[in-house]
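To start, the structure itself, in C-alpha coordinates.
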Amino acid sequence: MMTGMDEQVWQPLVTVEGRPLLGGEGRYRLLETADSGLAYLIHYPAGVASPPHEHDHDSIVYVLSGRLRGAVDGVEAVFEPGDSVLHPRGVTHHVEALTDSMWVEFKSPLPGRPPIA
1 MMTGMDEQVW QPLVTVEGRP LLGGEGRYRL LETADSGLAY LIHYPAGVAS PPHEHDHDSI
61 VYVLSGRLRG AVDGVEAVFE PGDSVLHPRG VTHHVEALTD SMWVEFKSPL PGRPPIA
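1 is the number of the first residue of the sequence shown in the UniProt record's numbering; add one for each residue after it.
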(Lines of atoms letter the chains of each structure in order from A; the text may use other names.)
(Lines give C-alpha, C1' and ligand atoms only; values in the text may rest on other atoms or scores of the structure.)
Protein backbone atom coordinates (compact mmCIF):
# COMPACT_ATOMS: atom_id res chain seq x y z
CA MET A 1 0.00 0.00 0.00
CA MET A 2 1.41 3.38 -0.96
CA THR A 3 1.55 6.15 1.61
CA GLY A 4 2.15 9.83 1.06
CA MET A 5 5.59 11.22 1.86
CA ASP A 6 4.07 13.64 4.38
CA GLU A 7 2.59 10.70 6.34
CA GLN A 8 5.95 8.98 6.78
CA VAL A 9 8.23 9.59 9.73
CA TRP A 10 12.01 9.81 9.39
CA GLN A 11 13.89 7.29 11.53
CA PRO A 12 17.45 7.87 12.78
CA LEU A 13 20.10 5.94 10.86
CA VAL A 14 23.13 5.22 13.04
CA THR A 15 24.31 1.77 11.87
CA VAL A 16 24.71 -0.10 8.58
CA GLU A 17 24.96 -3.89 8.80
CA GLY A 18 25.58 -3.52 12.55
CA ARG A 19 28.50 -1.09 12.09
CA PRO A 20 28.24 2.56 13.26
CA LEU A 21 28.12 5.33 10.68
CA LEU A 22 31.16 7.62 10.54
CA GLY A 23 30.96 11.39 11.05
CA GLY A 24 27.45 11.57 12.49
CA GLU A 25 24.10 10.04 11.72
CA GLY A 26 21.70 9.91 8.82
CA ARG A 27 17.99 9.25 8.61
CA TYR A 28 15.72 6.97 6.59
CA ARG A 29 12.16 6.15 5.64
CA LEU A 30 10.97 2.70 4.62
CA LEU A 31 9.16 3.36 1.33
CA GLU A 32 7.84 -0.08 0.37
CA THR A 33 8.30 -3.74 1.29
CA ALA A 34 7.57 -6.81 -0.84
CA ASP A 35 8.33 -10.51 -0.47
CA SER A 36 11.21 -9.99 -2.91
CA GLY A 37 12.79 -6.86 -1.43
CA LEU A 38 12.35 -3.35 -0.06
CA ALA A 39 13.05 0.31 -0.79
CA TYR A 40 14.38 3.01 1.54
CA LEU A 41 14.67 6.78 1.21
CA ILE A 42 18.00 7.69 2.84
CA HIS A 43 19.49 11.05 3.80
CA TYR A 44 23.09 11.67 4.94
CA PRO A 45 24.22 15.15 5.96
CA ALA A 46 27.54 16.28 4.44
CA GLY A 47 30.45 14.38 6.01
CA VAL A 48 28.49 11.30 7.09
CA ALA A 49 29.75 7.97 5.71
CA SER A 50 29.02 4.29 5.97
CA PRO A 51 31.96 2.13 7.03
CA PRO A 52 33.12 -0.50 4.53
CA HIS A 53 30.56 -3.32 4.70
CA GLU A 54 28.88 -6.06 2.70
CA HIS A 55 25.48 -7.73 2.94
CA ASP A 56 23.32 -10.73 2.03
CA HIS A 57 21.40 -8.91 -0.72
CA ASP A 58 21.94 -6.77 -3.79
CA SER A 59 21.44 -3.05 -3.24
CA ILE A 60 20.78 -0.46 -5.98
CA VAL A 61 21.30 3.20 -5.06
CA TYR A 62 19.61 5.97 -7.10
CA VAL A 63 20.81 9.47 -6.14
CA LEU A 64 18.09 12.12 -5.82
CA SER A 65 20.12 15.06 -4.51
CA GLY A 66 23.62 15.98 -3.36
CA ARG A 67 26.97 14.37 -4.15
CA LEU A 68 28.18 10.99 -2.87
CA ARG A 69 31.63 9.45 -3.07
CA GLY A 70 31.68 5.70 -2.85
CA ALA A 71 33.65 2.59 -3.62
CA VAL A 72 32.54 -0.87 -4.69
CA ASP A 73 35.19 -3.59 -4.42
CA GLY A 74 37.89 -0.88 -4.18
CA VAL A 75 36.76 1.08 -7.27
CA GLU A 76 35.94 4.71 -6.30
CA ALA A 77 33.46 7.04 -8.01
CA VAL A 78 31.44 10.21 -7.35
CA PHE A 79 27.67 10.09 -7.79
CA GLU A 80 25.30 13.00 -8.46
CA PRO A 81 21.52 13.29 -8.98
CA GLY A 82 20.34 10.81 -11.61
CA ASP A 83 23.30 8.46 -11.09
CA SER A 84 22.88 4.91 -9.84
CA VAL A 85 25.22 2.24 -8.53
CA LEU A 86 24.91 -1.46 -7.70
CA HIS A 87 26.30 -2.84 -4.45
CA PRO A 88 26.31 -6.58 -5.21
CA ARG A 89 25.68 -9.07 -2.42
CA GLY A 90 28.87 -10.09 -0.61
CA VAL A 91 30.99 -7.27 -2.14
CA THR A 92 32.61 -4.68 0.17
CA HIS A 93 31.47 -1.11 -0.45
CA HIS A 94 30.96 2.23 1.30
CA VAL A 95 29.49 5.66 0.62
CA GLU A 96 30.21 9.18 1.93
CA ALA A 97 28.06 12.31 1.55
CA LEU A 98 30.21 15.11 0.09
CA THR A 99 27.19 17.42 0.44
CA ASP A 100 23.78 16.85 2.06
CA SER A 101 22.55 13.91 0.00
CA MET A 102 19.39 11.89 -0.49
CA TRP A 103 18.86 8.66 -2.39
CA VAL A 104 16.50 5.75 -2.87
CA GLU A 105 18.00 2.36 -2.09
CA PHE A 106 16.39 -0.85 -3.37
CA LYS A 107 17.38 -4.11 -1.66
CA SER A 108 16.67 -7.58 -3.06
CA PRO A 109 16.11 -10.27 -2.01
CA LEU A 110 14.48 -9.19 1.23
CA PRO A 111 17.36 -8.87 3.74
CA GLY A 112 17.65 -11.61 6.38
CA ARG A 113 17.87 -8.95 9.11
CA PRO A 114 17.33 -5.18 9.13
CA PRO A 115 20.32 -3.75 7.20
CA ILE A 116 20.06 -0.24 8.68
CA ALA A 117 18.99 1.12 12.04
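Backbone N, C-alpha and C fix where the C-beta goes; we use that ideal spot for every residue, glycine too.
Excluding sequence positions up to five before and after residue 72, its CB lies within less than 7 Å of the CB of 85, 87, 91, 93, all in the same chain and listed in chain order. Judged by their CB atoms, residue 103 and residue 62 are nearer to each other than the 7 Å cut-off. Rounded to whole angstroms, the separation of the alpha carbons of residue 19 and residue 58 is 18 Å. Shortest Cα-Cα distance from residue 44 to any of 21, 112, 114 involves 21.
Pairing residue 12 with residue 48, the inter-Cα distance amounts to about 13 Å. The straight-line gap separating the alpha-carbon atoms of residue 25 and residue 70 is approximately 17 Å. In the structure shown, residue 15 adopts extended strand secondary structure according to DSSP, grouped into three states. Scanning 113, 30, 23 for the CA closest to the CA of residue 46 turns up 23.
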